[in-house]
Amino acid sequence: MAKSENKTKPTEIDAHAFVESVADPRQKEDAAQILGMMERLSGHPPKMWGPSIIGFGSYHYKYDSGREGDMCRIGFSPRKGQTVLYLLDGFAGYTELLGKLGKHKTGKSCLYVKRLSDVDTDVLEQLVTSSLAWMAEKYPE
């Protein structure tokens with residue numbers, strides 16, 4: 004069986020230009036703020052992963068199945084009507100913080116926010132910092 008190739012790879016697209024291309028002014032401002040926060044907290048410059056994910060740092064993973072690849076340590080994507088933040092450690096240990104965050108939804112490793120003004124950005128920074136610490140432990144740089 005042929006191994007499928009990871010579709011989400013680093014690109015040469017400029018992350019700042021991508022943020023500037025976001026059509027909705029509120030979402031563009033949210034994206035600029037999240038980009039600045041994640042760059043500051045991660046210590047890594049923004050890099051586009053695929054056509055729409057802005058990621059920071061990278062790590063190499065390998066599954067038991069043999070599939071392996073590279074992905075950003077943390078990232079986000081301004082999508083239609085909401086911004087998705089990718090916190091790769093999931094949310095199982097963050098019940099208390101999520102309760103303080105404000106309006107949001109979660110998926111396995113995705114935090115969905117319609118407006119940055121709907122959430123407590125200090126709590127969001129704590130979630131990002133915790134996710135980065137988990138990544139550093141699991142996948143040392």
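All the letters of the sequence shown, read from the start, carry residue numbers 4 to 144 under this note's numbering. All C-beta atoms, glycine included, are put in the ideal place defined by N, C-alpha and C. Computed from a predicted structure; not experimentally measured.
C-beta atoms of residue i and residue j nearer than 7 Å
i    : j    : result
L44  : V22  : no
T109 : G53  : no
I16  : M51  : yes
I56  : G78  : yes
T86  : V116 : yes
Y97  : R76  : no
L119 : D33  : yes
beta-carbon residue i near the ligand SAM non-hydrogen atom, thresh 6 Å
i    : result
L101 : As for the ligand SAM, it is missing from this structure, which has no ligand bound.
Residue i, DSSP secondary structure in three states
i    : result
F94  : coil
E71  : strand
I57  : strand
M4   : Here the model assigns M4 a pLDDT of 39, short of 50, so the residue's position is not dependable, and the following value carries that caveat. Here M4 sits in coil by DSSP.
P49  : strand
H19  : helix
S120 : helix
V25  : coil
Cβ neighbour criterion (16 or more within 10 Å) applied to residue i
i    : result
S66  : Reading the sequence as shown, one finds Tyr at residue 66 and not Ser. When all chains shown are included, Y66 counts as exposed.
P48  : exposed
K141 : exposed
Opposing strand residues paired with residue i [DSSP bridges]
i    : result
L169 : Look at the range of the chain in this structure, 4 to 144, and you will see that residue 169 is not part of it.
S80  : V87
Does the stretch 100-107 come close enough to the stretch 18-34 to have 3 or more Cβ pairs within less than 8 Å? no
For the stretch 87-102 against the stretch 132-144, are there 3 or more C-beta pairs whose distance is under 8 Å? yes
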